[in-house]
Amino acid sequence: MPPVIAASRLTLSVRLLVKRSSVKTPVSYLGPWPKDVGIIALELYFPSQYVDQTELEEFDGVPAGKYTVGLGQARMGFCSDREDINSLCLTVVQRLMEKNALSYNSIGRLEVGTETIIDKSKSVKTALMQLFENSGNTDVEGIDTTNACYGGTAALFNAVNWVESSSWDGRYALVVAGDIAVYATGSARPTGGAGAVAILIGPNAPLAFERGLRGTHMQHAYDFYKPDMVSEYPVVDGKLSIQCYLSALDRCYSVYRNKIHAQWQREGSDKSFSLEDFGFLVFHSPYCKLVQKSLARLMLNDFLNHPTPNTETGPFTGLEAFRYSQSKPEDTYFDRDVEKAFMKASTDMFERKTKASLLISNQNGNMYTPSVYGCLASLIAQHTPSQMAGQRIGVFSYGSGFAATLYSLRVTQDHTPGSSLDKLVLSLSDLKTRLDLRKKVSPALFSENMKLREDTHHLANYVPQGSVEDLFPGTWYLTRVDDKHRREYARRPLDDDLPAESELVRSSSATEVQEE
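Our numbering puts the last residue of the sequence shown at 607; the count rises by one with no breaks.
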């Protein structure tokens with residue numbers, strides 16, 4: 092019997108959420124440049140199990156605080172062998188479509204950013220097209236985009252560019268970023284994590300991209316890469332990776348600042364740009380402490396760029412010695428005195444503009460391509476629509492190798508009940524609850540899971556051993572890999588009181604799929 096993709100049955104709670112947070116389908120738009128193109132809806136998925144970083148410190152025999160204080164990490168989510176990159180993305184896409192009561196016919200572009208490769212030819216995007224089969228919609232542009240943790244941002248830019256181009260046909264673009272971040276046993280392992288985001292892009296968005304305000308830096312380096320086609324594990328030069336990240340941040344901020352100055356000058360303003368012109372700042376987060384250091388780094392840039400910084404009062408108080416330092420900025424990446432002084436100086440700004448964005452990073456770890464968008468989701472989830480309204484959000488995305496961009500989103504002023512911003516905030520309001528519903532797993536069992544993935548993730552004729560019952564309701568999971576490496580998936584019911592859903596998907600041609 093050929094596989095059948097059945098329509099999902101929604102529980103009452105999901106139906107109520109859909110009713111409150113659904114978005115309108117865009118109309119055909121053949122007129123002027125669409126207005127306020129940006130993020131309309133955002134959905135986040137993370138695994139249902141985690142390991143506690145304090146317990147992992149003890150298990151690994153490292154000093155107390157190495158992971159929790161030194162890295163700033165509390166918990167790390169991870170996947171059993173029941174989940175892979177296809178299942179993560181299937182889950183997050185269907186969650187977004189259901190929550191927002193969207194028809195699959197309303198999607199005209201779907202692009203995936205990921206560095207988790209399970210096939211060197213077939214894209215994750217084509218696997219996601221199985222969700223579209225019942226709708227009959229095959230007119231969906233986009234494929235996969237890969238460059239370490241930057242792939243999701245590249246896919247996002249492509250989606251925005253499509254909506255703003257002559258190719259746009261009036262439908263939404265959907266961007267998916269997902270990864271399973273795993274490391275070999277050693278110092279890098281506690282910086283892992285896993286998850287996926289789905290982002291709906293269209294006009295009249297509550298979070299609109301500011302046109303022309305992107306500062307990008309691209310450069311060649313072997314700071315983090317995956318040359319072994321059989322292994323999930325990367326090769327990492329930790330010190331070089333931090334240097335590349337911070338140098339990219341410096342360059343991107345400089346380019347962004349120059350572009351916004353030029354824009355302001357065209358508008359007749361001679362105002363100077365500083366970090367205070369951002370309402371919020373979110374960063375790609377390999378680990379939380381690096382984000383805090385990154386904000387301090389940007390304050391150092393503001394300090395050095397200011398013609399006459401006030402070192403008597405205000406945030407630059409007591410920093411006059413660094414004004415006359417003979418060191419070049421690129422010589423200060425690992426200068427402890429500079430780092431300590433500017434982390435202290437930026438403490439208040441960190442609390443106001445960035446700290447709230449680290450919820451998912453702290454509790455789930457580094458998700459690679461979704462990392463910065465997990466930070467964006469965390470920020471939105473912990474603020475009210477009125478607190479978000481009118482703010483400029485700075486977003487720094489980084490991917491090793493390396494590629495980076497600093498860009499900005501402008502939040503709509505409309506925060507009234509039922510507005511697009513209100514719906515976006517509402518849709519993410521359950522993040523903390525979902526994190527609390529996860530199951531804690533011992534470091535020993537976590538280690539066994541990592542070994543199992545290491546031994547089996549590339550095998551044919553494999554049936555996963557992980558528990559389906561431990562997955563969140565509505566999660567797609569791997570059921571088997573056949574002798575030709577073709578993967579089959581099923582979905583855990585949204586309601587445990589319902590019988591198992593008859594959804595089973597695998598690689599198939601259109602003629603193999605029966606309509607119900």
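Every residue, glycine too, gets a C-beta built ideally from N, C-alpha and C. None of these values were measured; they are calculated from a predicted model.
- A direct Cα-Cα distance of roughly 9 Å separates Leu247 from Ala264.
- Per the C-alpha coordinates, the member of Ala275, Ile234 and Phe563 positioned closest to Thr524 is Phe563.
- By the criterion of a C-beta distance shorter than 7 Å, Ile351 is surrounded in its chain by Leu304 and Phe364, once the five residues flanking it on both sides are discounted.
- Here Ala312 carries a coil assignment [DSSP, helix/strand/coil].
- At the C-beta level, Tyr424 and Gln334 come within 7 Å of one another.
- Counting C-beta pairs with one atom in each stretch, the segment 404-415 and the segment 462-471 have fewer than three that are closer than 8 Å, which means they do not touch.
- By the beta-carbon neighbour count (other beta carbons within 10 angstroms, threshold 16), Ser258 is exposed.
- Counting C-beta atoms within 10 angstroms of its own C-beta, Trp567 has 16 or more neighbours from the protein chains shown and is therefore classed as buried.
- According to the DSSP assignment, Lys431 belongs to the alpha helix (DSSP H) that extends over Arg427 to Ala436.
- A residue is called buried once 16 or more other Cβ atoms fall within 10 Å of its Cβ, and Met440 is buried on that count.
- As DSSP reads the structure, Val267 sits in a beta bridge with Val203 and Ala289.
- Assignment of Cys466 by DSSP, reduced to helix, strand and coil, places it in the helix class.
- Under the three-state reduction of DSSP, Asn238 is assigned to strand.
- Under the DSSP assignment, Val215 falls in the alpha helix (DSSP H) whose first and last residues are Val215 to Leu219.
- Trp567: member of the beta strand (DSSP E) spanning Trp567 to Val572, first to last residue.
- Of the other Cβ atoms in all chains shown, 16 or more fall within 10 Å of the Cβ of Val183; this residue is therefore buried.
- Of Lys380, Glu403, Asp426 and Glu367, the smallest CA-CA separation from Met390 is found for Glu367.
- Close CB contacts of Leu450 within its chain, under the 6 Å cut and outside five residues either way in sequence, are with Ser469 (chain order).
- Look at Tyr158 here: in three-state DSSP terms it is coil, with no helix or strand label.
- In the displayed model, Met167 falls within a strand according to three-state DSSP.
- For Ser488, the enclosing beta strand (DSSP E) has its first and last residue at Arg483 to Gly490.
- Counting along the chain, the unbroken beta strand (DSSP E) around Glu134 starts and ends at Gly129 to Tyr136.
- The three-state secondary structure of Ile198, taken from DSSP, is strand.
- Looking at the DSSP output, Arg305 shares a beta bridge with Tyr498.
- Around the beta carbon of Gln164, 16 or more other beta carbons sit within 10 angstroms, so the residue counts as buried.
- With a cutoff of 7 Å on beta-carbon distance, Val516 and Pro294 are scored as not near each other.
- Exclusion of the five residues before and after Lys531 leaves Tyr141 and Asp143 as the residues of its chain whose Cβ lies within less than 7 Å of its Cβ.
- Counting C-beta pairs with one atom in each stretch, the segment 568-587 and the segment 549-559 have three or more that are closer than 8 Å, which means they touch.
- Looking at the DSSP output, Ala192 sits in no beta bridge, so it has no partner there.
- At the C-beta level, Ser345 and Arg262 stay beyond 7 Å of one another.
- Taking the CA atoms as reference points, Pro420 sits about 16 Å from Pro398.
- Apart from the 5 residues on each side of it in sequence, Ala289 sits with its Cβ closer than 6 Å to the Cβ of Glu134, Val183, Val184, Leu187 and Val267 in its chain, given in chain order.
- Nearest to Leu585 by C-alpha distance, out of Gly161, Trp124 and Glu189, is Glu189.
- Across the set Asn177, Thr402 and Ile292, the C-alpha of Asn177 shows the shortest separation from the C-alpha of Asp210.
- Residue pairing from DSSP places Glu232 in a beta bridge opposite Arg200.
- Here DSSP, grouped into helix, strand and coil, assigns Phe407 to coil.
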